[in-house]
Every structure is written in structure tokens, then in C-alpha cells.
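Heads up, the thing below is written out as C-alpha cells.
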Amino acid sequence: MIIFNGVGANSGIAMGEPYFITKKQIEISSATTENTQAEWDKFVNAKKIANIALTALFERTKLEIGESEAMIIDVQKMMLDDGDFNDYVTDLIFEKKHTALFSIQEARKYFSEFFLSLPDPYMQARATDICDMCYRLTQNVLGNAIEIDLQKPSVVIAKDLTPSETLQMDKSKILAFVMEEGSVTSHTVILARTMAIPCIVQCDFDADKMDSEIIVDGETGFVYINADSDTRTHLLNKQKEQAEHKIFLQTMFGKPTVTKSGNKIEILANIGSPDDLEYALANDAEGIGLFRSEFLYLGRDSFPSEEEQFEAYRKVAEGMAKPVTIRTLDIGADKQVDYFNLGKEENPALGLRGIRICIERQEIFVTQLRAIYRASGFGDVSIMFPMITSVWEVKHCKKIASIVQKELKDEGHKLGEVKLGIMIETPSAVMLADELAKEVDFFSVGTNDLTQYTLAIDRQNNKLERFYSPKHPSVLKMLEMIAKAAKDNKITASICGELAADLSVTEFLLTAGFKKLSVSPSFVLKLRAKIREM
Amino acid sequence: MAQIKYVITDGLGIHARPAGLLVKCCEDFSCDIKIGTPLKMVDARRIMGVMGLGLKKGDELTMTFEGADAKEASQALTEFLKTNL
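Going down the list, the protein sequences come from chains A and B.
Just so we're aligned: 1514 in this note's numbering is position 110 of the first sequence, and the numbers increase by one with no gaps anywhere.
Just so we're aligned: 74 in this note's numbering is position 62 of the second sequence, and the numbers increase by one with no gaps anywhere.
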């Protein structure tokens, strides 16, 4: 048995025969020509063919993998037309009278070395894009095809893989990638992760010894050749476990979330931007239980417009095609935004945050409510208000909401029916749950903040770990009180904090009477599996 | 001539994708557009040069605009930087 070691870049175990991608990066010796125009035409023609091939690859990638991955190819297309690159080649051909092939080679060396000389490893890795593009141009000048044809499922082994090589391979036939070079930030690794293919980079292997079955463990970074029976069994078991778990979770897809005794539960997803929608859908969430709207306000220096917000909410409401609960902005505390001009506070966690900002700065609130109500014409939308402590706050919010609703109707907008609810995340809201329940359509418990405010412990202070417990008896008692108040007033109660994903409390939460749990998309199927076993 | 300054907030800096988008955004205008730092300014329509600046999170970049539609271009690029970088 021979073992080669590299850096695991994407986990998973694969075994199969190797397929070597050897690029004959031929060294062209300096050659001059008198017919410079003919050489220039060769270069222009090679670019034209490259452009067609890259355009096709771009379209395919966009369709099969996604827009952001396709952009990698688009950048290469732009590099082909880059002024610096073309000036460099023009000078070599027309002034120095070099052949097209030699000029492309020299340009490759010049620009790849330039990127390699930059201090940032990400930029150094871009030298691969230059080599990829120039290799393509060279092969086009020579009239060679650059297809990679995997005849059967194989472990793809290469010195380095360029994005265009990775993307043009038949995905169903790639068992794993093993690369001698490459870094964890290279595009190929990003693609391997997107396509869920085991991947090892910086692997110091001897290609001559890789003639039989190869086993790749993308987690540990080990590549096994002629594995002995113990190792083989061990790896096979590991592979089986990983695959079974994945398949098992996939079997939960489309299944109802119901306990053995017939208690029907809804598992929703928490998302932080419209981009997360695809994960919610891919994990079969039964709706969006918490759509955090802060992403619209963070990382910029002016307020998002009504139109911009409307687009974001509409995209999620339409795309999800199931109930979506949007939480109005919860800025403040650990999320600070300069242009709100909130002033410095001694104690931001107990300061102007959540609904308090919306009440103090009504114009911000109205813009957001207008955008959400308009989106309600495109899907099943609910609104919830964060950081409620008093009944008057809820009455105030409802009043503003009804004014906004009427204004929009007068303006001729088509609105859906919008349920209004509140986050229960302060001890005060728990104590007033019975009164609050009479004002709203639903409760959603933010267990993270509720725990912090109940235990008087800053979540971010790791010196207090010993005193902090998300399952503190006082918190659990509060959860029971909330569920009871909701039940007594015939409204729904859900949990959208981290506690909802903790499988050790699922039974407690269901017994208390919670019917909806909202978790990160990746927890949806695990939680469903757990509930179906109860 | 118009000039804008912007501090990069994107964790990866001017990486391949935003560089590509930036070049495309500049192509909508006819004026001369340069990007970089006081030490090194490059043509904002040349992607290799833009990426080669190696600008990272926290770096302040300068863009200059010279020509007929300089004002419109500087406004569009201001928006672009805020959204993408």
C-alpha cells in the first residue's frame, strides 16, 4: 500500500481508476517571421475560437452550477480582450516580429509571473487563469482540440486544474480531484465544493505509482494506492456511513413532519438574504420562519430605498411559494450601522435597538413596511416585530401598519393578507404573553436574546460560559409560559432561535406545545428525521 | 475632472468577479477612467491591471474620470463600489 498526503479541500471518500490530465505545456523556442500580419491573424483567430468556446462554457456553467461560478469564465473572456494583454502581444508580433505561438507563450509568462509576484495568495492563484487562457489560445493556433473526455467514472489527477477544464468535464464521471498544486482558494476547489466532489490539493504524488485503484479521502487529504484490506474496509465503511447519512436525510425530502402519535409540526428555515433561498428550497423547508431584513441595511452608507427592499422581499415571497415571515429591522446591539446616527451608547444590548428604532424613527419603519406590504401581493407574507417589551408598542406598530396598508391600497397596489406577529425575546414579553397574544396573530421566540436577557449574560463574553446555558431551567419555564399563552388565545407559537435546532430539546418543545420550528436550512432534514422518530 | 475615493469593505478585496463587473460598468461610459492608489493608477477598463492592483479590504482606492460623461460615470461607479466592494 502506498499513501500520498495532500491537503483535504473538500471532504468525501471516492475510489476508482485514475484519469491523468497531462498538459503538454510545450516550450516554444524564439522564432521570428517577416509575415507579421499572418501571425497576428492567427492570434486573432485563436481568440475568436476561444471566445466562442468560453461563451458556450459560460452558458453551460450558468445553467448547471450557477451565475457566480459562471462569472469565473466570464472573467477569462474579459482577459482575452484585456488591453494590457493585447498590447503586449501586439508589440511582440509587430515590433519584435515573433510568431503568434511564441508571443502567446511570452505573454503567459509575463502575466502569470506578474500575478505570482503579488503578495495576496488569492491573486497568486489567478496566474492559473492566465495559463488556462494562454493554453487555450496555443491549442487553437495549433488547431488541437482541448476536450477532456472521461470515458468512465474516474479520479481526476492533474498538476493543477483550471476552471475551464473543471467545468467542461462530465460531472457525473468525476469521482474526485487530486491535484499536485492548487490552493484551497482556487476556483476549482470552490467548484468541487459546489458539486460535492471530494478534492485534495497540494498532494505530493508520484504519477508512475498510480496505476491501479485509488482511494481518496477528501477529509484527511490522504490518497491510497493498493490499499490493504483493513484500510480498504475502514474507508469503505466511512464512505458508506457518509453516503447513508446523506441518503437518509434526502429520504426525508417531501415527507410530512409528523410524530408517531400524529402531532403535525412545521419546520421552517431562517434566512438572512434572498441568496439563502436556494438552500431553504434544497432542504425542503416548509416556509421561511425568519427572514432577517438587516442585510438590506448593513455594509452600506445610506438607507435602502423602498424599491430595493420591495425587490428583495418579492424575490423571496415569490421564490419560496410558501409562507414567509419577514422580521422588521433589528439593528442595534451587536449590529451597528453608522448612517443611522444612533449615537454612542454605554450599553447597546439594552439600548436603542429593534422595534425601538422603528418607533423613534418612523420614516425608516414606514419605508420598510411599505416594501413588505407591496411584496405581499406576490406571496404569503407575514410581518414580525423584534424586541417587544410592552403592549403599547404592539398597538403602535399595528396602527402604523394599518395606515401604510390603507395608503398603498389607495395608491392602487394589490396587497395580500398579512399576518402580524411579534418576537418574544425579552422577559417582559414573556410576563405579558397573555395580553400580547390578544393583539397579534402569532409569536416567535428568539431564544438567543431571551436567554441573554433572562440570565443577564452577554452571549459574546466567553468568560461567562460556565454560567450560560441555553437550556437553563428559567428559559425552559418561560418557553412553557409562552406556548400556554399562545394556546389559550388560539394563536400559533414558533421558535426561531438556535434552540430550535438542538435535537436534545425537540421533545420538550413539542410537549410544551410549539407547532413550528425555524432553523438554518441545513438543519431542516435532520430535525424532520428526529420528529418522525418521536 | 471628477474624482472619488472609497474604502474597500469586501473581505476578498478586488477579486476576479468584482473586477470583471467593474470593467463592464466602466464600458458604459466614454470618458477616461482610472483606478488605483496615488502610487499607481491604471486604466479601469483593463481587467488585468485592475486585479493587479491587489487592493484589499481596508485599502482606500481612488477613481478619476476625465471626459464628456465624467459626472455620470463617477455617480454610477460610486454606486457600483458601494454595492460590490
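Positions of the beta carbon are idealized from the N, C-alpha and C atoms, including for glycine.
Check	Outcome
Would A/GLY1416 count as contacting chain B if we go by Cβ distances under 7 Å?	no
For a cutoff of 7 Å on Cβ pairs, would you count B/ILE20 as touching chain A?	no
How many angstroms separate the CA atom of A/GLY1825 from the CA atom of B/TYR18?	40 Å
Could you name the residues that DSSP lists as bridge partners for A/VAL1479?	Per DSSP, none; premise fails for A/VAL1479.
Check whether the segment 25-39 of chain B touches the segment 66-83 of chain B, taking contact to mean three or more Cβ pairs, one atom from each stretch, closer than 8 Å.	yes
Please confirm whether A/LEU1914 has its beta-carbon closer than 7 Å to some beta-carbon of chain B.	no
Based on the DSSP output, what are the partners of B/THR76 in its beta bridges?	B/GLN15 and B/LYS46
Helix, strand or coil, according to DSSP, for A/ALA1580 in the structure here?	strand
Taking B/ILE59 as the query, report the chain A residues whose CB atoms sit under 8 Å from its CB, ordered along the chain.	VAL1479, MET1482, MET1483 and ASP1486
Using DSSP's beta-bridge definition, name the partner residues of A/ALA1562.	A/ILE1425 and A/MET1583
Can you tell me which residues form a DSSP beta bridge with A/ARG1731?	A/ARG1696 and A/MET1788
Have a look at the DSSP bridge pairing and note the partners of A/CYS1801.	Answer by DSSP bridge pairing: none, since A/CYS1801 is not bridged.
Would B/ALA28 count as contacting chain A if we go by Cβ distances under 7 Å?	yes
When burial is assigned at 16 or more other CB atoms within 10 Å of the CB, is A/GLN1713 buried or exposed?	buried
Within 8 Å, do at least three Cβ pairs link the segment 1443-1460 of chain A to the segment 1606-1619 of chain A?	no
Using 10 angstroms around the beta-carbon of A/ILE1792, count the other beta-carbons present and answer buried if the total reaches 16, otherwise exposed.	buried
Identify every residue that forms a DSSP beta bridge with A/ASN1674.	A/LEU1694
Starting from the beta carbon of A/SER1898, find every residue of chain B whose beta carbon is closer than 7 Å, and list them in chain order.	Chain B residues near A/SER1898: none, gap ~33 Å exceeds 7 Å.
Skipping 5 residues on each side, what residues in its chain have a beta carbon closer than 7 Å to that of A/ASN1667?	LEU1914
Run through the DSSP bridge pairs and tell me what A/SER1922 is partnered with.	A/LEU1672
Does DSSP put A/ILE1861 in a helix, in a strand, or in coil?	coil
Please decide whether B/GLY66 counts as near chain A, where near means a Cβ-Cβ distance under 7 Å.	yes
From A/ALA1673 to A/LEU1694, what does the alpha carbon distance come to, in whole angstroms?	7 Å
Is DSSP giving B/THR90 helix, strand or coil here?	helix
Give me, in chain order, the residues of the same chain whose beta-carbon lies closer than 7 Å to that of A/PRO1602; leave out the 5 immediate sequence neighbours on both sides.	ASN1414, SER1415, GLY1416, ILE1417, ALA1418, ALA1580, VAL1620 and GLY1622
Do A/PHE1506 and A/ALA1435 have their C-beta atoms within less than 7 Å of each other?	yes
Judging by CA-CA distance, which residue of A/THR1465, A/THR1542 and A/SER1633 is the nearest neighbour of A/ASP1574?	A/THR1465
B/PHE41 and B/GLU84 look like a contact to me (Cβ under 8 Å); what is the Cβ gap, rounded to whole Å?	7 Å
Measure how close the beta-carbons of A/ILE1469 and A/LEU1565 come, nearest whole angstrom, since I'm counting them as under 8 Å.	About 15 Å separates the two Cβ atoms, so there is no contact after all.
So for A/LEU1681, helix, strand or coil by DSSP?	helix
Here's a check: name, in chain order, each residue in its chain whose Cβ is nearer than 8 Å to the Cβ of A/SER1794, leaving out the five neighbours to either side.	SER1832 and LEU1836
When the Cα atoms are used, what is the spatial distance from A/PHE1789 to A/GLU1648?	41 Å
Just by C-beta distance, which residues in the segment 1527-1556 of chain A are closer than 9 Å to chain B?	MET1527, ARG1530, ASP1533 and ILE1534
Report the three-state DSSP secondary structure of A/SER1848 (helix, strand or coil).	strand
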